[in-house]
Amino acid sequence: MIHKAFGYWIEEAGPQPEFPVLEGEQELDVIVVGGGFTGLWTAFHLKSGDPGLEVGLIESHRIGHGPSGRNGGFVDAMWVSFASLVKRYGSEAALRLARMAEASVREVGEFCEAHEVDAWYRHSGYLNVSTAPAQDGSWEGNLKAMREAGIIDGPRELTPTEVQEICASPAFRAGVHYGAAATVQPARLAFGIREACRGLGVRLFEGSPVTKVEDRPGSVTVTTPYGRARAAKAVLSNGPTLASQGSPLSGAITLASSHMVITEPVPEVIEELGWTGGEAISDCRALLTYFRTTPDGRIAFGWGGGRIAAGARRFGRAELDADVINGVITGLRRYFPMLEKRELDYAWGGPIDASPTHLPHVVALPSGRAFAAFGYTGNGVGPSQMVGRTLASLVLELDDEYRSLPFIESAEALTRVPPEPFRWVGGAMIREAIGRKEEAELTGRSVDPVSAAVARIPQLIGFHIGR
Ligand SMILES: Cc1cc2nc3c(=O)[nH]c(=O)nc-3n(C[C@H](O)[C@H](O)[C@H](O)COP(=O)(O)OP(=O)(O)OC[C@H]3O[C@@H](n4cnc5c(N)ncnc54)[C@H](O)[C@@H]3O)c2cc1C
Numbered sequence: 000m001i002h003k004a005f006g007y008w009i010e011e012a013g014p015q016p017e018f019p020v021l022e023g024e025q026e027l028d029v030i031v032v033g034g035g036f037t038g039l040w041t042a043f044h045l046k047s048g049d050p051g052l053e054v055g056l057i058e059s060h061r062i063g064h065g066p067s068g069r070n071g072g073f074v075d076a077m078w079v080s081f082a083s084l085v086k087r088y089g090s091e092a093a094l095r096l097a098r099m100a101e102a103s104v105r106e107v108g109e110f111c112e113a114h115e116v117d118a119w120y121r122h123s124g125y126l127n128v129s130t131a132p133a134q135d136g137s138w139e140g141n142l143k144a145m146r147e148a149g150i151i152d153g154p155r156e157l158t159p160t161e162v163q164e165i166c167a168s169p170a171f172r173a174g175v176h177y178g179a180a181a182t183v184q185p186a187r188l189a190f191g192i193r194e195a196c197r198g199l200g201v202r203l204f205e206g207s208p209v210t211k212v213e214d215r216p217g218s219v220t221v222t223t224p225y226g227r228a229r230a231a232k233a234v235l236s237n238g239p240t241l242a243s244q245g246s247p248l249s250g251a252i253t254l255a256s257s258h259m260v261i262t263e264p265v266p267e268v269i270e271e272l273g274w275t276g277g278e279a280i281s282d283c284r285a286l287l288t289y290f291r292t293t294p295d296g297r298i299a300f301g302w303g304g305g306r307i308a309a310g311a312r313r314f315g316r317a318e319l320d321a322d323v324i325n326g327v328i329t330g331l332r333r334y335f336p337m338l339e340k341r342e343l344d345y346a347w348g349g350p351i352d353a354s355p356t357h358l359p360h361v362v363a364l365p366s367g368r369a370f371a372a373f374g375y376t377g378n379g380v381g382p383s384q385m386v387g388r389t390l391a392s393l394v395l396e397l398d399d400e401y402r403s404l405p406f407i408e409s410a411e412a413l414t415r416v417p418p419e420p421f422r423w424v425g426g427a428m429i430r431e432a433i434g435r436k437e438e439a440e441l442t443g444r445s446v447d448p449v450s451a452a453v454a455r456i457p458q459l460i461g462f463h464i465g466r
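Numbered per numbering that gives the first Met the number 0, the sequence shown spans residues 0 to 466.
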């Protein structure tokens, strides 16, 4: 098994063109910091909306090589978080946002078709299954919130037999099926959006970490090791690094991590499981386990149980963590014991920008010249298209439905996490306790009272962990 930070998808997508480092003094109309899905979609919508704008996208490393090119490829709407949306924004606004997020899933597919991007887009739905008695019915609160909002075309609850008809894992119990979801090969999608941006004339810079952002009257200037860029407006879409100390948004995000493995092609196992509909599946744990198939018959399997990064430092165990990969493999074999002797080709990981609400936020910084988006908490692939469109609308000052979405908030309105070192120490303690509790639940043991009590802390202080 090859265990490296960039993982399978980027390798599978093949060699990519490199783009120049930002050098000297650059004058632009809009600066976009970060070449993940949020930055790429923002640049794409900016240039599509106003082809005359000089848009520069500045990436610290390689475009699409961060979490956006390494994730599970679940393109989800936000229905699974509907109760959280109602709690934060009220029923009407939650409904508007959820409907737009659902449209975003379709629009990703439409983009692939229109731009001939072979990102393996498959509108296959999302199945949320219980794998332990403690998880049974964990979706009821969410479905109730949907019914109360008058949604009649919502998800479908499935009996254990119906779940087995979709995927016959011996570990699966009952579940719920959300229709508005797809899967993609995430790196192919990121590179496809990059190429569409290039075609529209977005100026792309790689190897150019932004080390300073100065938001002064009249313009925003960003500094990189070899140059500076100045523009009337800027979008900060540098994902998990917005959590680092010194960032004005650091108190609103924790840097967690998620890790994955992918099997060798096992089409006969997929056939035996009856899992031929391509459904994206996850369990109902707070430290979520998620899995999907690929067109060549592999199973990609991930676990959101990675460590919290101290001080939001990257390029450590958020990316490569042999212990957590062992946990991923245990999970894979627990749900799919028939894979016991099959090869795993790759293992990898990446940082996750986790917000206390578990929801993405779009923030207009006080000057009105700079905007930021973050906090997807493991559900960014589908929503980032809508978020990028929203950021473009804010920059272009369009009077459209995106500009009135409720997740556009002021930085002061955001729910805050405690400062370091309490964020890391507390986060790590809670993560360990949730891990012990869920492992006991999965193996039919009783949960020790200390772990049970610590695992309840997030709920008591109003933080949302899990889907
Ligand atoms: C293993 C894993 C599995 C996941 N599975 C799923 C899934 O199945 N479905 C789903 O919806 N979500 C999933 N996620 C989350 C998803 O990948 C993210 O929500 C999404 O990629 C966020 O996109 P982004 O553009 O906001 O951030 P990123 O993809 O992190 O992009 C930010 C970019 O900014 C760059 N950058 C950082 N600092 C600077 C700087 N100072 N200057 C310039 N550039 C900078 C980074 O290099 C990076 O390329 C997963 C994440 C991981 C790690």
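Built from N, CA and C at the ideal position, the CB exists for glycine as well.
In chain order, which beta strand (DSSP E) runs of at least 3 residues are fully inside the stretch 160 to 186?
-> 174 to 177 and 180 to 182
Write down the C-beta distance between PHE36 and SER383 rounded to the nearest angstrom, noting that I regard them as a contact closer than 8 Å.
-> In the sequence shown, counting from the first residue as 1, residue 36 sits at position 37. In the sequence shown, counting from the first residue as 1, residue 383 sits at position 384. Indeed they touch by this definition, with Cβ atoms about 4 Å apart.
Assuming TRP119 contacts GLY387 (C-beta within less than 8 Å), just tell me the rounded distance between them.
-> Translated into positions along the sequence shown, residue 119 becomes position 120. Translated into positions along the sequence shown, residue 387 becomes position 388. Actually they do not touch by this definition, with Cβ atoms about 21 Å apart.
Counting only the same chain and skipping the five closest in sequence on each side, list residues whose C-beta sits under 6 Å from that of PRO264.
-> Here residue 264 corresponds to residue number 265 of the sequence shown, with the count starting at 1. Within the same chain, PRO264 has close Cβ partners ASP295, GLY296 and ARG297.
How many angstroms separate the CA atom of ARG187 from the CA atom of ALA12?
-> Numbered from 1 along the sequence shown, position 188 holds the residue referred to as residue 187. Numbered from 1 along the sequence shown, position 13 holds the residue referred to as residue 12. Looking at the two C-alpha atoms, the distance is approximately 6 Å.
Spatial neighbours of HIS44 in its chain, beta-carbon cut-off 6 Å, leaving aside the 5 residues before and after = In the sequence shown, residue 44 corresponds to position 45, counting from 1. Excluding positions up to five away in sequence, the list reads GLY387, ARG388 and ALA391.
Going by the CB atoms, is the gap between SER123 and GLY276 shorter than 8 Å?
-> The residue you call residue 276 lines up with position 277 of the sequence shown. The residue you call residue 123 lines up with position 124 of the sequence shown. It is a contact, given that the beta carbons lie within the stated cut-off.
Proximity of GLY326 and GLY301 at Cβ, strictly below 8 Å = Taking the sequence shown and counting its residues from 1, the one referred to as residue 326 is at position 327. Taking the sequence shown and counting its residues from 1, the one referred to as residue 301 is at position 302. Contact flag unset, no.
Please report the Cβ distance between VAL175 and ASN127, rounded to the nearest whole angstrom; I am assuming they are in contact, meaning their Cβ atoms lie under 8 Å.
-> For the purposes of this step, residue 175 is identified with residue 176 of the sequence shown, where counting begins at 1. For the purposes of this step, residue 127 is identified with residue 128 of the sequence shown, where counting begins at 1. Contact flag correct, Cβ pair sits at about 5 Å.
Helix, strand or coil at ARG146 [DSSP, three-state] = Here residue 146 refers to the residue found at position 147 when the sequence shown is read from its first residue. It is helical.
Is any heavy atom in ligand 1 found nearer than 7 Å to the beta carbon of ASP344?
-> Start at 1 with the first residue of the sequence shown, and residue 344 comes out as number 345. No; taking the cut-off as 7 Å, the Cβ of ASP344 has no heavy atom of ligand 1 nearer than that.
From LEU364 to GLU278, what distance separates their C-alpha atoms?
-> Here residue 364 corresponds to residue number 365 of the sequence shown, with the count starting at 1. Here residue 278 corresponds to residue number 279 of the sequence shown, with the count starting at 1. So the alpha carbons of these two residues sit roughly 39 Å apart.
Where the beta strand (DSSP E) containing ILE30 begins and where it ends = For the purposes of this step, residue 30 is taken as the residue at position 31 of the sequence shown. Run containing ILE30: 29 to 32, per the beta strand (DSSP E) assignment.
Got a sec, what are the start and stop residues for the alpha helix (DSSP H) LEU94 sits in?
-> One-based indexing of the sequence shown puts residue 94 at position 95. It spans 90 to 113 - the alpha helix (DSSP H) in which LEU94 sits, taken as one unbroken run.
Straight-line CA distance for ILE1 to THR262?
-> Residue numbering aside, residue 1 sits at position 2 when the sequence shown is read from its first letter. Residue numbering aside, residue 262 sits at position 263 when the sequence shown is read from its first letter. Rounded to whole angstroms, ILE1 to THR262 spans 11 Å at the Cα level.
Check ALA311 in the structure and name its three-state DSSP category.
-> Position 312 of the sequence shown, counting from 1, holds the residue named residue 311. Model confidence at ALA311 stands at a pLDDT of 46, short of 50, so the residue's coordinates are unreliable; what they give is reported in the following sentence. ALA311: helix per DSSP, three-state reduction.
Distance, Cα to Cα, VAL116 vs PHE370?
-> The sequence position of residue 116 within the sequence shown is 117, counting from 1. The sequence position of residue 370 within the sequence shown is 371, counting from 1. Taking the straight line from one Cα to the other gives about 28 Å.
How is ALA4 classed by DSSP in three states: helix, strand or coil?
-> As a working mapping, residue 4 is identified with position 5 in the sequence shown. Here ALA4 sits in coil by DSSP.
ASP75 beta carbon near ligand 1 (any heavy atom closer than 7 Å) = On the sequence shown, position 76 is the one that residue 75 refers to. Yes, Cβ of ASP75 sits closer than 7 Å to a heavy atom of ligand 1.
Reference ILE57, options ARG341, GLN184, ALA451 and LEU21, closest by Cα | Position 58 of the sequence shown, counted from the first residue, corresponds to residue 57. Measuring from the Cα of ILE57, the nearest candidate turns out to be LEU21.
So, is PRO350 buried or exposed, given that buried needs 16 or more other C-beta atoms within 10 angstroms?
-> Residue numbering aside, residue 350 sits at position 351 when the sequence shown is read from its first letter. When all chains shown are included, PRO350 counts as buried.
With DSSP run on the structure shown, which of helix, strand or coil describes TYR401?
-> The residue given as residue 401 occupies position 402 in the sequence shown. Residue state, collapsed to three classes: helix.
Same chain, Cβ closer than 6 Å to ALA549, neighbours up to 5 away in sequence not counted | Residue 549 is absent from the model: the chain starts at 0 and stops at 466.
HIS64 beta carbon near ligand 1 (any heavy atom closer than 7 Å) | Reading the sequence shown from its first residue, position 65 is the one you call residue 64. Flag set: Cβ of HIS64 near ligand 1.
Have a look at GLY377 and CYS283 and give me their C-alpha separation to the nearest angstrom.
-> Start at 1 with the first residue of the sequence shown, and residue 377 comes out as number 378. Start at 1 with the first residue of the sequence shown, and residue 283 comes out as number 284. For GLY377 and CYS283, the distance between alpha carbons rounds to 14 Å.
Please confirm whether any heavy atom of ligand 1 lies closer than 7 Å to the CB of VAL380.
-> In the sequence shown, the residue the question calls residue 380 occupies position 381. Within the cutoff, so yes.
Look at ALA148 and VAL162 and say whether their C-beta atoms are less than 8 Å apart.
-> Within the sequence shown, the letter at position 149 stands for residue 148. Within the sequence shown, the letter at position 163 stands for residue 162. Cβ distance not < 8 Å, so ALA148 and VAL162 don't count as in contact.
Determine the DSSP secondary structure at SER450, reduced to helix, strand or coil.
-> In the sequence shown, counting from the first residue as 1, residue 450 sits at position 451. Residue state, collapsed to three classes: helix.
Segments assigned alpha helix (DSSP H), at least 4 residues, entirely inside the stretch 36 to 94 | 36 to 48 and 81 to 88
Decide if MET428 is buried, meaning its Cβ has at least 16 other Cβ atoms within 10 Å, or exposed.
-> Position 429 of the sequence shown, counting from 1, holds the residue named residue 428. MET428 comes out exposed.
Rounded to a whole number of angstroms, what is the C-alpha to C-alpha distance between ILE62 and PRO159?
-> To locate residue 62, count along the sequence shown from 1; it is residue 63. To locate residue 159, count along the sequence shown from 1; it is residue 160. Computed Cα separation, rounded: 42 Å.
CA-CA distance, ARG316 and ALA346?
-> Counting from one through the sequence shown, the residue named residue 316 turns up at place 317. Counting from one through the sequence shown, the residue named residue 346 turns up at place 347. Approximately 13 Å between the Cα atoms of the pair.
Can you give the beta carbon distance from SER83 to HIS357, rounded, assuming they're within the 8 Å contact cut?
-> Within the sequence shown, numbered from 1, the residue matching residue 83 stands at position 84. Within the sequence shown, numbered from 1, the residue matching residue 357 stands at position 358. Contact holds; Cβ gap of about 6 Å.
Beta-bridge partners of GLU26, as assigned by DSSP = For the purposes of this step, residue 26 is identified with residue 27 of the sequence shown, where counting begins at 1. Note: GLU26 sits in a beta bridge opposite ARG229.
Does DSSP put PHE406 in a helix, in a strand, or in coil?
-> As a first step, residue 406 must be located in the sequence shown, where it is residue number 407. Reduced to three states, the DSSP call for PHE406 is coil.
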